[in-house]
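Undergrad: Here it is: the structure, laid out below.
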Amino acid sequence: MTGPAQGVGAYTWDRSFRLWDSYFALIWLATLAFVLGADRPGWPVRLTAAALLVPLIPLFVRIGRPLLRGDPPPERRALLYLVAMTALFLPSAILVGETRVMTFALVPQCFMTLRMRWAITVVAVINVVPVVGWALLWWPSDQDVFFNGLFAGVSLVFSVAVGTWVIRIIEQSQERAALIAELDASRHEVSRLSAAHGALTERERMAREIHDTLAQGFTSLLMLIQAVEAELGHDVPQARRHLALMDETARQNLAEARALVAGAAPADLDGASLPDALRRLAARHGATLDVTGPVRPLPAGPEVVALRTCQEALANARKHAGSSAAVDIALAYADDTLTVSVRDDGHGFDPGAPCEGYGLAGLRARATEVGGTARIRSAPGDGTTVTVRLPVSLLRSSS
Numbered sequence: 060m061t062g063p064a065q066g067v068g069a070y071t072w073d074r075s076f077r078l079w080d081s082y083f084a085l086i087w088l089a090t091l092a093f094v095l096g097a098d099r100p101g102w103p104v105r106l107t108a109a110a111l112l113v114p115l116i117p118l119f120v121r122i123g124r125p126l127l128r129g130d131p132p133p134e135r136r137a138l139l140y141l142v143a144m145t146a147l148f149l150p151s152a153i154l155v156g157e158t159r160v161m162t163f164a165l166v167p168q169c170f171m172t173l174r175m176r177w178a179i180t181v182v183a184v185i186n187v188v189p190v191v192g193w194a195l196l197w198w199p200s201d202q203d204v205f206f207n208g209l210f211a212g213v214s215l216v217f218s219v220a221v222g223t224w225v226i227r228i229i230e231q232s233q234e235r236a237a238l239i240a241e242l243d244a245s246r247h248e249v250s251r252l253s254a255a256h257g258a259l260t261e262r263e264r265m266a267r268e269i270h271d272t273l274a275q276g277f278t279s280l281l282m283l284i285q286a287v288e289a290e291l292g293h294d295v296p297q298a299r300r301h302l303a304l305m306d307e308t309a310r311q312n313l314a315e316a317r318a319l320v321a322g323a324a325p326a327d328l329d330g331a332s333l334p335d336a337l338r339r340l341a342a343r344h345g346a347t348l349d350v351t352g353p354v355r356p357l358p359a360g361p362e363v364v365a366l367r368t369c370q371e372a373l374a375n376a377r378k379h380a381g382s383s384a385a386v387d388i389a390l391a392y393a394d395d396t397l398t399v400s401v402r403d404d405g406h407g408f409d410p411g412a413p414c415e416g417y418g419l420a421g422l423r424a425r426a427t428e429v430g431g432t433a434r435i436r437s438a439p440g441d442g443t444t445v446t447v448r449l450p451v452s453l454l455r456s457s458s
């Protein structure tokens, strides 16, 4: 009998093995009672047969039980154990026919510890030899020999049939246990991958947030520092204006950092409408804002995406189009969509060319997460327009 004993299967077998102990003890006691209560042969022979049954108990406890609990049990040791059990059983069964009740405890052990070929051989010996030996020793009547031989044949066939069926049941149970263990391992792997995917998604979200807020703020600070350094010698008022802008940018970055830690809405949207937040953002970047359609409060998702889109597009315009480029922001409210568009008249670029950086990819990912679309239209020398359309019909709040 082979197969893995794992988890619940092994625990169930350990518990059910107590029933097997009880079964073996019950068969042994019944055999002893039949032997001692038989009408013939005489007392000395019956006591001898009973004495031969006594060593079966310690042999089973010390050797048999550990073998039966093994998976699979060592076949050589199992064969030696069953040979010893059979050597004690056969003399007793030859002396007193009633001893053959013990076969109900010995036959299952053969199928539980040996391969089919060896199990059938030992079972045949246990069923046939006692009848042959008993007939040669006591020379009973032909009728007794016939009925005992018939009983031995039926017992042998029944033992093989039941043993084969039990083995198939055990093999199927082990296959199911292995399948359950595999499914359990797969479930844990899926759970692990799901957790890893969730962690990766969260890292990507944080990366987008940091890129769209803190990283851009620090970039602005660096550019302002460079401007102040160039202006200190000849344009102090302009340098002071840039220093004030640096102060505002630093405070804005601090507010964004606190919002990220707290998991709150972006600082620009804290207690303000989306158009108000975009007006402040446009003012910091020297852009214009045009709002069309009935303004109404929307869920946080579309508003955050619209705000981050403008932040990314304005940062790109400042970085690539140049400080002299004009930038226009258009925010349009419709029944089913919210559209935000940022256009600059800078140098432009080829959208089909490979580009490095995280900004445009993050912008598209944000729009996709809320079911929207992002379109970047540009050409060398023709400026750039970033347009994001977000569905709001199902998420729309009552105005």
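Mapped onto this note's numbering, the consecutive letters of the sequence shown carry residue numbers 60 to 458.
For glycine and all other residues, C-beta sits at the position ideal for the given N, C-alpha and C.
(1) What separation, rounded to the nearest whole angstrom, lies between the Cα atoms of S332 and A244?
(2) Flag this pair as yes or no: are the beta carbons of P450 and D409 separated by less than 8 Å?
(3) From A92 to M161, what does the alpha carbon distance come to, in whole angstroms?
(4) Need the endpoints of the beta strand (DSSP E) that P450 sits in, please.
(5) Rounded C-beta distance between L328 and A336? I'm assuming under 8 Å.
(6) Quick one, are the C-beta atoms of V447 and A426 less than 8 Å apart?
(7) Determine contact between the stretch 372-379 and the stretch 337-347, defined as no fewer than three beta-carbon pairs at a distance below 8 Å.
(8) Going by DSSP, what residues sit across from S400 in a beta bridge?
(9) Can you tell me which of the three DSSP states A211 falls into?
(10) Looking at the secondary structure, which residues open and close the beta strand (DSSP E) in which L348 lies?
(11) Would you kindly report the start and end of the unbroken alpha helix (DSSP H) that includes A433?
(12) The alpha helix (DSSP H) that contains G405, what's its start and end?
(13) Are the CB atoms of L149 and P117 within a distance shorter than 8 Å?
(14) Could you check how far apart the C-beta atoms of A309 and L291 are, in whole angstroms? I think they sit under 8 Å.
(15) Can you tell me whether R355 is helix, strand or coil according to DSSP?
(16) With distances taken Cα to Cα, identify the nearest neighbour of Q168 among T158, W193, T223, F206.
(17) Classify Y82: buried if its beta carbon has 16 or more other beta carbons within 10 angstroms, exposed otherwise.
(18) Could you pull out every residue in the same chain whose Cβ sits closer than 7 Å to the Cβ of A108, ignoring the five residues on either side in sequence?
(19) State the start and end residues of the unbroken alpha helix (DSSP H) segment that holds D335.
(20) Which word fits P361, buried or exposed, when buried means at least 16 other C-beta atoms lie within 10 angstroms of its C-beta?
(21) If I measure Cβ to Cβ from T61 and keep anything under 7 Å in the same chain, skipping five residues before and after, which residues do I get?
(22) Determine the contact status of N312 and G276, defining contact as a CB-CB distance below 8 Å.
(23) Quick one: what does DSSP say S81 is sitting in, helix, strand or coil?
(24) Beta-carbon within less than 8 Å of A183's beta-carbon, same chain only, minus the 5 sequence neighbours each way: which residues are those?
(25) Report the rounded CA-to-CA distance for L252 versus T432, giving the unit in angstroms.
(26) Quick test of your reading: L340 and L373, contact by CB under 8 Å. State the CB separation rounded to the nearest angstrom.
(27) Which whole-angstrom value is the C-beta distance of F163 and I86, which I expect to be below 8 Å?
(28) Helix, strand or coil, according to DSSP, for V160 in the structure here?
(29) So, helix, strand or coil for G222, using DSSP?
(30) Quick one: does the C-beta of G430 sit closer than 7 Å to a heavy atom of the ligand FAD?
(31) Taking DSSP as the reference, what is the three-state secondary structure of G123?
(32) For the alpha helix (DSSP H) that G192 lies in, which residues bound it at each end?
(33) Measuring alpha carbon to alpha carbon, tell me which of P133, T396, A389 ends up nearest C369.
(34) To which residues of the same chain is A286 closer than 6 Å at the C-beta, ignoring the five residues directly before and after it?
(35) Considering only residues of the same chain and omitting the five flanking positions on each side of V213, which have a CB-CB separation below 8 Å?
TA: Let's see:
(1) 50 Å
(2) no
(3) If you take the alpha carbons of A92 and M161, they lie about 11 Å apart.
(4) 443-450
(5) Between A336 and L328 the Cβ distance is about 5 Å, and since that is below 8 Å, they are a contact.
(6) Between V447 and A426, the CB-CB gap stays under 8 Å.
(7) yes
(8) A389, T446
(9) helix
(10) Counting along the chain, L348 sits inside the beta strand (DSSP E) bounded by residues 347-351.
(11) Careful: A433 lies outside any alpha helix (DSSP H), inside the beta strand (DSSP E) at 432-437.
(12) From DSSP, G405 is part of no alpha helix (DSSP H); its letter is neither H nor E.
(13) P117 is not a Cβ neighbour of L149, given a cutoff of 8 Å.
(14) Between L291 and A309 the Cβ distance is about 19 Å, and since that is not below 8 Å, they are no contact.
(15) coil
(16) T223
(17) exposed
(18) V94, S151, L154, V155, T158
(19) Taken as a continuous stretch (DSSP letters only), the alpha helix (DSSP H) holding D335 covers 333-344.
(20) buried
(21) For T61, the predicted model reports a pLDDT of 44, less than 50, meaning its position is unreliable and no value from the coordinates is stated.
(22) yes
(23) helix
(24) L215
(25) 28 Å
(26) Taking the Cβ atoms as the reference, L340 lies roughly 7 Å from L373, within the contact range of under 8 Å.
(27) 5 Å
(28) Of the three classes helix, strand and coil, the one that applies to V160 here is helix, per DSSP.
(29) helix
(30) As for the ligand FAD, it is missing from this structure, which has no ligand bound.
(31) helix
(32) 175-197
(33) A389
(34) H301
(35) none
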